[in-house]
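Engineer: Okay, here's the structure, questions in a sec.
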Amino acid sequence: MELLLLAQVQDDMCMFRPASPPAESIRDLSILVLAITGLIFLIVEAVLVYCIIRFRRGAAGSEPPQFYGSKPIEIAWTAAPALIVFLLVLVTARTLWEVNVQPPEPREGDGALFVTVIGHQWWWEYQYEYYNGQKLGFATSNELHVPVDDAQLPRPVYLKLKSADVCHSFWVPKLAGKTDLIPGRTNHIWFQSKEPGVYLGQCAEYCGTQHAKMLIRVVAEPNMDFEKWLANEQRPAVEDPAAQKGKAALLAQSCINCHTIRFPDSPAKGTFGPDLTHLMSRTSLASGILRNTPQTLHDWVADPQKHKPGCLMPAFSVNEHDRALMVGYLSTLR
Ligand code: CUA
Numbered sequence: 003m004e005l006l007l008l009a010q011v012q013d014d015m016c017m018f019r020p021a022s023p024p025a026e027s028i029r030d031l032s033i034l035v036l037a038i039t040g041l042i043f044l045i046v047e048a049v050l051v052y053c054i055i056r057f058r059r060g061a062a063g064s065e066p067p068q069f070y071g072s073k074p075i076e077i078a079w080t081a082a083p084a085l086i087v088f089l090l091v092l093v094t095a096r097t098l099w100e101v102n103v104q105p106p107e108p109r110e111g112d113g114a115l116f117v118t119v120i121g122h123q124w125w126w127e128y129q130y131e132y133y134n135g136q137k138l139g140f141a142t143s144n145e146l147h148v149p150v151d152d153a154q155l156p157r158p159v160y161l162k163l164k165s166a167d168v169c170h171s172f173w174v175p176k177l178a179g180k181t182d183l184i185p186g187r188t189n190h191i192w193f194q195s196k197e198p199g200v201y202l203g204q205c206a207e208y209c210g211t212q213h214a215k216m217l218i219r220v221v222a223e224p225n226m227d228f229e230k231w232l233a234n235e236q237r238p239a240v241e242d243p244a245a246q247k248g249k250a251a252l253l254a255q256s257c258i259n260c261h262t263i264r265f266p267d268s269p270a271k272g273t274f275g276p277d278l279t280h281l282m283s284r285t286s287l288a289s290g291i292l293r294n295t296p297q298t299l300h301d302w303v304a305d306p307q308k309h310k311p312g313c314l315m316p317a318f319s320v321n322e323h324d325r326a327l328m329v330g331y332l333s334t335l336r
């Protein structure tokens, strides 16, 4: 198994290098809180060390002058912490205000993308709802494509977060704060990026044995590329005449109870697993843990439990010939 560029993942998931307004607000708040509490820590530790040395047992004249009940000191050390806490409450409230934005209604030409994110054990489903006021209505998984701002128009992304099973948490540190996906509840986050690129994230709430392998890739691209991607995703599955045998082999299997492949009169309408209509337009498999190539796809189909023990996709006993045909068909789904 090939973990995708772990070094790059570490580097790219730094919340101190934000690329979106909510992530910037969170970074600024963290630095402020760290500075204030760090300063208090230094002062307290310095006084402590001074007292330990200056008044250690046995040193000549070590007994400090004793006094009790100084009103000015009592007032000072009650008022100062209360003021500091009040300041921290104010800046935290301001940050929450900036981060928790109720999504607006989609309208023509707003440049905004609306996606419903559904956490599953252990993958991400993205239902594309609206872009620029246009209704979309298709689903993809694990790799979230979003547009970046351009000079004329900011292009914010509003995510509605839901869960199909247990609690998960959507966290792409450079774009937005960590937010939970809770069964029976809907949460919202938003972000907006100026820099095209791949932003990495991770499920941040323990959700079962494969929690660590529930990775997120956000592909932020210029509007032209994003619209090209959208147009392709909206099309039905590619019909490759050379892959018809594989298609028939796949549709004869129980794969179709869990996966959707969109084409007219398709029997593959399952929603328990990822939508496969444009499977090969994704760079990774199994929520970011495998590079998506015909070879890894073959290995995955042969035995998902080898790569992701406990995942809900079982290994089907399909003979090698049929499996090759099926993977051949899946490999055409660009
Ligand atoms: Cu999903 Cu942890």
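Under the working numbering, residues 3 to 336 are what the sequence shown spells out, in order.
Where is the CB? At the ideal position from N, CA and C, for every residue including glycine.
(1) Please confirm if the region 103–113 is in contact with the region 238–248, defined as three or more CB-CB distances below 8 Å between the two stretches.
(2) By the three-class DSSP mapping on this structure, what secondary structure does His-122 have?
(3) What is the DSSP secondary structure of Glu-145, counted as helix, strand or coil?
(4) Could you check where the alpha helix (DSSP H) with Asn-225 kicks off and where it finishes?
(5) So, using beta-carbon positions, are Lys-310 and Lys-215 closer together than 8 Å?
(6) State yes or no: is the C-beta of Met-216 nearer than 7 Å to some heavy atom of the ligand CUA?
(7) For Trp-126 and Val-119, which I take to be in contact (beta-carbon distance under 8 Å), what is that distance rounded to the nearest angstrom?
(8) Just to confirm my understanding: we take Arg-29, look at its own chain, exclude 5 residues before and 5 after, and list those with CB closer than 7 Å. What are they?
(9) If contact is defined by three or more beta carbon pairs under 8 Å, each pair taking one atom from either stretch, is the region 168–176 in contact with the region 268–288?
(10) Given 7 Å as the limit, tell me if His-213 has its C-beta closer than that to any heavy atom belonging to the ligand CUA.
(11) Strictly by DSSP, which residues pair up with Ile-191?
(12) Measuring alpha carbon to alpha carbon, tell me which residue in Val-240, Phe-274 and Ala-239 is nearest Ser-256.
(13) Here's the rule: buried if 16 or more other CB atoms are within 10 angstroms of the residue's CB, otherwise exposed. What is Cys-53?
(14) Run through the region 38–117 for me and flag every whole alpha helix (DSSP H) of 4 or more residues, listed as ranges in chain order.
(15) Is the CB of Ala-84 under 8 Å away from at least one CB in chain D?
Structural biologist: Per the coordinate set shown:
(1) no
(2) strand
(3) strand
(4) 225–236
(5) yes
(6) yes
(7) 6 Å
(8) Met-17, Phe-18 and Pro-20
(9) no
(10) yes
(11) Leu-161
(12) Phe-274
(13) exposed
(14) 73–101
(15) Going by chain labels, chain D is absent from the structure shown, which holds only one protein chain.
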